[in-house]
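Before any comments, here is the structure.
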Amino acid sequence: MLFFLNINISHNRLFSIFVFYIMKIRWKIVFISIGCLLVVSYLIFAGISFSGRLSTEVCHGVQVTVEDSSKIGFITSKEVFRLLESRNLNLVGQTMKHIDIGKIEREIRKNPYIDKVDCYKTLDGNVKISVWQRQPIVHVMTTENYYLDNDFHKMPFVPGYSTYVPIVSGTVSQAYIHYKLFPFIRFLQGNEFWNAQVEQIYVQNDSTVELVPRVGDYIINLGSVDRYEQKLGKLMELYNKAFNTIGWNRYSYIDLQYRDKVICSKKSDEPVPVKQEVEGSEPIQ
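Mapping the sequence shown onto the working numbering, position 128 (from 1) lands on 109, and the numbers just tick up by one.
Pasting the structure below:
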């Protein structure tokens, strides 16, 4: 009898503990639900209150910030204000609810130098506008004069504004830049050394390419832009094994277009046609 009694007592105790924890969990759920309900109620109330204030609140001011002004200088906050005025977007004095944020962003983005716009209203009656500029990666100087960003978006040239990007010149079409040069330019941009070293890209009539470096008084003949990584790899090897020892201004012309060699013409030598100098070699295609 005692044995069965103890079993019953143990079962009752376990059942009591189980019920206790179930009730504890239920109360937690109740408290969490009440908390969520209060938060949602507050947000709804705040939204209604904010909407009500916007219906009567008048815009007291507009704040424009060019977020990347320390890196890129195509546009200033004053120019953004002038752009708003030219679109008849005179915000100060207007009722906040009548100010169309989407329209403001669309009009500002029409500027060719602007990449991204974030515009919003504040509770104290201000409109804040944040602007990010397009980052040029190449300056094209042919019959036209313009910049291109990473998305191949064209930006007009700005007189007096200097960019630390390669210049493309010579006989070059939009199609050639897009399909041939642009992958090469992106490669330069992604490589710290070559991005700093290549100052100008000159496209000749036969679509071969010459490079003008920032360091060293010589011309680099790349040939076609195909297999540019291999060709620049050979040039880097030349820099490391020879130029760092003999100097960077001994040669006037460096030819990279041949698969098995790099040909350098000394400044004191008479110009020798490349075909005679490397007779029998095949250019890299």
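Ideal Cβ placement from N, Cα and C applies to all residues, glycine included.
Check, Outcome
"If distances are taken between C-alpha atoms only, which option among Tyr232, Ile182, Leu219 comes closest to Gly204?", "Ile182"
"Can you tell me the Cβ-Cβ gap for Leu192 and Val179, rounded? I've got them flagged as a contact below 8 Å.", "5 Å"
"What residue ranges within the stretch 59 to 133 form continuous alpha helix (DSSP H) runs of no fewer than 4 residues, ordered along the chain?", "82 to 90"
"When you compare each of Trp113, Asp236, Gln114, Ser50 to Thr189 by their alpha carbons, which one comes out closest?", "Asp236"
"Below 8 Å between beta carbons: does that hold for Cys40 and Gly74?", "yes"
"Where Val149 and Lys247 are concerned, what is the direct C-alpha to C-alpha distance, given to the nearest angstrom?", "26 Å"
"Is the beta carbon of Thr144 sitting closer than 8 Å to the one on His120?", "yes"
"Note down, in chain order, each residue of its chain lying with its Cβ closer than 8 Å to the Cβ of Arg68, except the 5 sequence neighbours on either side.", "Glu88"
"Pick out whichever of Asn230, Asp198, Asn176 has its Cα sitting closest to the Cα of Leu213.", "Asn176"
"Measure the C-alpha to C-alpha separation of Val98 and Trp113 and round it to an integer number of angstroms.", "6 Å"
"To test your reading of the DSSP string, which unbroken alpha helix (DSSP H) runs of 4 or more residues are found completely within the stretch 145 to 209?", "163 to 171, 173 to 178"
"So, using beta-carbon positions, are Lys102 and Met77 closer together than 8 Å?", "yes"
"Given a threshold of 16 other Cβ atoms within 10 Å of its Cβ, counted over all protein chains shown, does Val184 qualify as buried or as exposed?", "buried"
"Less than 8 Å separating the beta-carbons of Ile56 and Ile85?", "no"
"Helix, strand or coil, according to DSSP, for Lys215 in the structure here?", "helix"
"Relative to the C-alpha of Gln116, which residue among Glu60, Asp49, Leu65 is closest?", "Asp49"
"Closest to Lys59 by CA distance: which of Lys52, Leu70, Ile15, Val47 is it?", "Val47"
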